[in-house]
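**Q** Sharing a structure below in structure tokens format, with a few things to ask.
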Amino acid sequence: VTPCFTDQFMNARMVEESGAGVGLPQISKVTSRDLAAALTKVTADGGLIARAQALGEQLRGEDGIGAAVGALDTFFAEEMATGVWQAKADRKQQVFQELARPSILTRIGHCCSYFCGGSAARSN
């Protein structure tokens, strides 16, 4: 797995940790040597090939769509309809707002900088 962005980095790590494949660095950092080594490994390593085949059989035996629908149904019933999700979102928003508010030490520093002709004075 050669990740480009978002969850692909986690997927590459999971594949590597499962022993069913090779996780490479972000695609912009992969060299031709890295890619050649990974391709050689996944086509020649008998243990890796066996683990990939076993994992593939396991995944084909699962009801992925049913599990996804069940997870969404549970989320909507237990989180959305009850207001739990909104309460969590509101708490996160409050934390972000508090983090964005400068502390008293930061405010004192800005005042000192302003009165002493520092960068805060020039920006106003």
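Oh and the sequence shown: position 93 is 106 in this note's numbering, straight run, nothing missing. Heads up, the beta-carbon is just placed ideally off N, CA and C, and yes, glycines get one too. Please read all numbers here as calculations on a predicted model, not as lab measurements.
#1: Skipping 5 residues on each side, what residues in its chain have a beta carbon closer than 6 Å to that of Met93?
#2: Which residue wins for smallest C-alpha separation from Thr19, given the options Glu29, Glu30, Ile40, Gln66?
#3: Using the rule of at least 16 other Cβ atoms within 10 Å of the residue's Cβ for burial, across every protein chain shown, is Gly60 buried or exposed?
#4: Can you give me the Cβ contacts of Val108 inside the same chain, cut-off strictly under 6 Å, excluding the 5 residues immediately before and after it?
#5: Cα separation between Asp76 and Gln66?
#6: When the distance is taken between beta carbons, is Gly36 closer than 7 Å to Ala25?
#7: Just verifying my parser: in three-state terms, what is the DSSP assignment at Gly60?
#8: Determine whether the beta carbon atoms of Gly34 and Val43 lie at a separation below 7 Å.
#9: Could you check where the alpha helix (DSSP H) with Lys105 kicks off and where it finishes?
#10: Going by DSSP in three states, Leu37 sits in which element: helix, strand or coil?
#11: How would you write the range of the alpha helix (DSSP H) that Gly83 sits in, first residue to last?
#12: Measuring only the C-alpha atoms, how far is Ala90 from Gln110?
**A** With the structure as the only source:
#1: Your numbering for residue 93 matches position 80 in the sequence shown. Correct list: empty, nothing qualifies.
#2: Translated into the one-based positions of the sequence shown, residue 19 becomes position 6. Comparing Cα positions, the closest option is Ile40.
#3: By 1-based counting over the sequence shown, the position of residue 60 is 47. Note on Gly60: under 16 other CB atoms within 10 angstroms of its CB, so exposed under the neighbour-count rule.
#4: One-based indexing of the sequence shown puts residue 108 at position 95. Hits under 6 Å: none found.
#5: Position 63 of the sequence shown, counting from 1, holds the residue named residue 76. Position 53 of the sequence shown, counting from 1, holds the residue named residue 66. One alpha carbon belongs to Asp76, the other to Gln66, and they sit about 18 Å apart.
#6: Along the sequence shown, one-based indexing puts residue 25 at 12. Along the sequence shown, one-based indexing puts residue 36 at 23. At the C-beta level, Ala25 and Gly36 come within 7 Å of one another.
#7: Your numbering for residue 60 matches position 47 in the sequence shown. In the structure shown, Gly60 sits in a helix (DSSP, three-state: H, G or I).
#8: Locating residue 34 in the sequence shown gives position 21, where the first residue counts as 1. Locating residue 43 in the sequence shown gives position 30, where the first residue counts as 1. Going by C-beta atoms, Gly34 is not nearer than 7 Å to Val43.
#9: In the sequence shown, counting from the first residue as 1, residue 105 sits at position 92. If you look at Lys105, you'll find it in the alpha helix (DSSP H) that goes 97–113.
#10: Residue mapping note: residue 37 aligns to position 24 of the sequence shown, counting from 1. Coil.
#11: As a working note, residue 83 is residue 70 in the sequence shown. Segment 77–88, the alpha helix (DSSP H) holding Gly83.
#12: Here residue 90 corresponds to residue number 77 of the sequence shown, with the count starting at 1. Here residue 110 corresponds to residue number 97 of the sequence shown, with the count starting at 1. Computed Cα separation, rounded: 29 Å.
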